[in-house]
Amino acid sequence: MFEKTAKSTLCFCKNIKYGEVIKAIKEKDLKTLEEVMHCTKAGITCWSCRGDIKDLLEEYNKTGKITSIE
Ligand code: FES
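Right under this line is the structure:
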């Protein structure tokens, strides 16, 4: 099974890795999809990675951290 890691690509349109988005969420305390899109440019071109960004945000907003991707 394909395992996602911090080095996996999250946004193929902009070639942005999970680790980059997670770092931005934590460092800037981003809470919404719009904030992540604005800060990282992930998700601004097509819709296909927005669900993955939302999953990260849901975990962060619920627990204050992101541990599902290492
Ligand atoms: S894959 Fe992220 S905007 Fe298209």
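Each position in the sequence shown, counted from 1, maps to that position plus 1279 in the numbering used here. Glycine residues also receive a C-beta, built at the ideal position from the N, C-alpha and C atoms. All values derive from a computational prediction rather than experimental measurement.
DSSP three-state assignment for residue i, whether helix, strand or coil
| i | result |
| --- | --- |
| C1325 | coil |
| C1290 | strand |
| K1296 | strand |
| L1312 | helix |
| I1345 | coil |
Proximity below 7 angstroms, CB of residue i to CB of residue j
| i | j | result |
| --- | --- | --- |
| D1334 | L1289 | no |
| E1338 | S1327 | no |
| T1319 | I1301 | no |
| T1342 | C1292 | no |
Whole-angstrom distance between residue j and residue i, CA atom to CA atom
| i | j | result |
| --- | --- | --- |
| L1434 | T1284 | This structure does not reach residue 1434, given that the chain is present from 1280 up to 1349, and the question cannot be answered. |
| E1282 | E1349 | 10 angstroms |
| E1314 | K1305 | 12 angstroms |
| E1299 | N1340 | 18 angstroms |
Chain B contact for residue i (CB, 7 angstroms cutoff)
| i | result |
| --- | --- |
| E1313 | Considering every chain present, this structure includes no chain B. It has just one protein chain. |
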